[in-house]
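Protein chains in written order, with our numbering: chain A, 1 to 232; chain B, 233 to 497. Backbone N, C-alpha and C define an ideal beta-carbon position, used for all residues, glycine too. Keep in mind that this is a model prediction, so the values were computed, not measured.
If you want it as structure tokens, here you go:
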């Protein structure tokens, strides 16, 4: 087994990732973090889960036809991840930039295990991944995340709600069941991979303050302002 | 001859090092797919392996014909034929943006799709599944490209160990003759992505030589039955039928003249 994911990387750049279920607010927090870092003169690159052009076609056909099994779902996401890791994540890290990843391998660990894929197998599958300098896990109760998604009138997506597992034909019930199990899987990961837990129930600004303070520990902080005031 | 037939199927696993401990024909190599238990499925999985141009498809056609005449239900599967992944793999190949890791993972996804949707259902229904190439092709290609071997074996831990793996073995010189006679050398079969040089002939030679070495190194680990592919088509087929026949009907073969075949399962 490769040990990239468990050993610190040697690139000059920094890799920060956010994790959490849908509606945990992690993307909002990542956006604010990126703003802050750029404004303080850092070069930042943001990458999202499952976004490589190569794999998008297959994911789309698969999702449309509801043809993905837990295994192919898992492998497709790993393919996407490998593609982004090698083309999008490692080059900026080599260039000394800050890479912000919206979801990382831990998303796969949590979701795939929930779908019935072998836990150890997925972990070994992703053992080629670069270990993040900091992984922020936005922990939130299901009801809070559901409220947020509903307030935005987001239509719950088939796979995100775990509808493929056939646990319930009602999207909200299915989401509740599926994401509930995903939360349990995330909890295992906190200790296993040293995820930093952020209470994602508090106000956006409070959370962001926590995030910035955690991130700044990994950066040369001389020119970073941790308050919410205008940076220099 | 020594022990009864039923045991024979679960016994050919001799101690082996590199893979995940014991290999049991018809079961997963590694952790497998937890939500798809496959123990006790009546079908048989037979893989025909070998590099490009070695004559696999011809042998499979002939074998299929023979098996069907004997009354066996046969399903064929190949490498890279799943509807889910075919377009993506074609795009990736033509755009030349594929790195070795994504390459390996795309093929693994494709295989998983076929395993779950074709192979496992066929085994469950009692078919003989003839696989034109199997995971060993993927392992050999990735091995040549320097992908971590243990990682690869773990990745394919969800694959089913075939009941029989035939490896059609050939030497590079003979192979070159055959390939040039038929369809010529193409970019991927020549390992041009490895950039060993601009000369396709030299590249083909070097690449195929390395591939053959990889296949060779897996022979013991995965219990290959090695067939000399330099012989005439009918000679190879004869050997194949002999071994497959002995596996499928060990008792009948010993007692009766091979004629009327009754399938008792």
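Secondary structure note for residue 187(A): it is in no beta strand (DSSP E), and the uninterrupted alpha helix (DSSP H) holding it is 171 to 193.
As DSSP reads the structure, residue 137(A) sits in a beta bridge with 19(A), 197(A).
Contact annotation: in the region 67 to 100 of chain A, residues whose CB is within less than 9 Å of a CB in chain B are 67, 68, 69, 70, 71, 72, 74, 75, 76, 78, 79, 80, 81, 82, 83, 85, 86, 87. Here the C-alpha atom of residue 433(B) lies approximately 42 Å from the C-alpha atom of residue 301(B). Across the structure, residue 22(A) and residue 135(A) are spaced so that their CA atoms are roughly 17 Å apart. Listed along chain B, no residue sits closer than 8 Å to residue 174(A) by beta-carbon distance, the nearest being about 17 Å off. Counting along the chain, residue 38(A) sits inside the alpha helix (DSSP H) bounded by residues 26 to 39.
Nearest neighbour of residue 2(A) by Cα position, chosen from 381(B), 349(B), 388(B), 367(B), turns out to be 381(B).
The C-beta separation of residue 130(A) from residue 93(A) comes to about 7 Å, placing the pair in contact by the 8 Å criterion.
Per DSSP, the beta bridge partners of residue 457(B) are 398(B).
The beta carbons of residue 288(B) and residue 373(B) sit about 15 Å from each other, so the pair does not count as a contact at 8 Å. Residue environment: residue 269(B) is assigned as exposed (fewer than 16 neighbouring CB atoms within 10 Å of its CB, all protein chains considered). Its chain contains 105, 126, 127, 129, 131 as the residues whose beta carbon lies nearer than 7 Å to that of residue 5(A), once the 5 sequence neighbours on both sides are disregarded; these appear in chain order. Put simply, the CB of residue 383(B) is near chain A, with a gap under 9 Å to one of its CB atoms.
For the region 332 to 343 of chain B, the set of residues with a beta-carbon nearer than 7 Å to any beta-carbon of chain A comprises 333, 334, 337, 338, 340, 341, in chain order. According to DSSP, residue pairing for residue 48(A) in a beta bridge involves 102(A). Within the same chain, no Cβ atom closer than 7 Å to the Cβ of residue 10(A) is found once the five residues on either side in sequence are excluded.
Taking each of 298(B), 398(B), 478(B) in turn and checking the Cα distance to residue 448(B), the smallest one comes out for 398(B). One thing to note: residue 76(A) has its Cβ no nearer than 9 Å to the Cβ of residue 46(A).
Excluding sequence positions up to five before and after residue 8(A), its CB lies within less than 7 Å of the CB of 131, all in the same chain and listed in chain order. Counting of Cβ neighbours within 10 angstroms places residue 281(B) among the buried residues, the total reaching 16 or more. Considering only beta carbons, the part of the region 378 to 409 of chain B lying closer than 8 Å to chain A consists of 380, 382, 383, 386, 387, 389, 390, in chain order. Between residue 193(A) and residue 110(A), the CB-CB gap reaches or exceeds 9 Å.
Pairwise C-beta distances place the region 161 to 178 of chain A out of contact with the region 25 to 39 of chain A, as fewer than three of them are shorter than 8 Å. The shortest CA-to-CA distance from residue 271(B) to any of 257(B), 339(B), 317(B) is the one to 257(B). Across the region 117 to 142 of chain A, CB contacts with chain B closer than 8 Å involve 117, 118, 120, 121, 124, 125, 127, 128, in sequence order along the chain. Listed along the chain, the chain A residues whose CB falls inside 8 Å of the CB of residue 348(B) are 69, 71, 72. Only residues of its own chain outside the window of five on either side were considered, and among them 25, 28, 29, 32 have a CB closer than 8 Å to the CB of residue 204(A), listed in chain order. Interface criterion met: the Cβ of residue 267(B) is under 9 Å from a Cβ in chain A. With 16 or more other Cβ atoms inside 10 Å of its own Cβ, residue 13(A) counts as buried. Per DSSP, the continuous beta strand (DSSP E) segment holding residue 277(B) begins and ends at 276 to 281. When DSSP reads this structure, residue 392(B) sits in a beta bridge with 260(B). Interface residue (Cβ-Cβ distance to chain B less than 9 Å): residue 177(A) is not classified as such.
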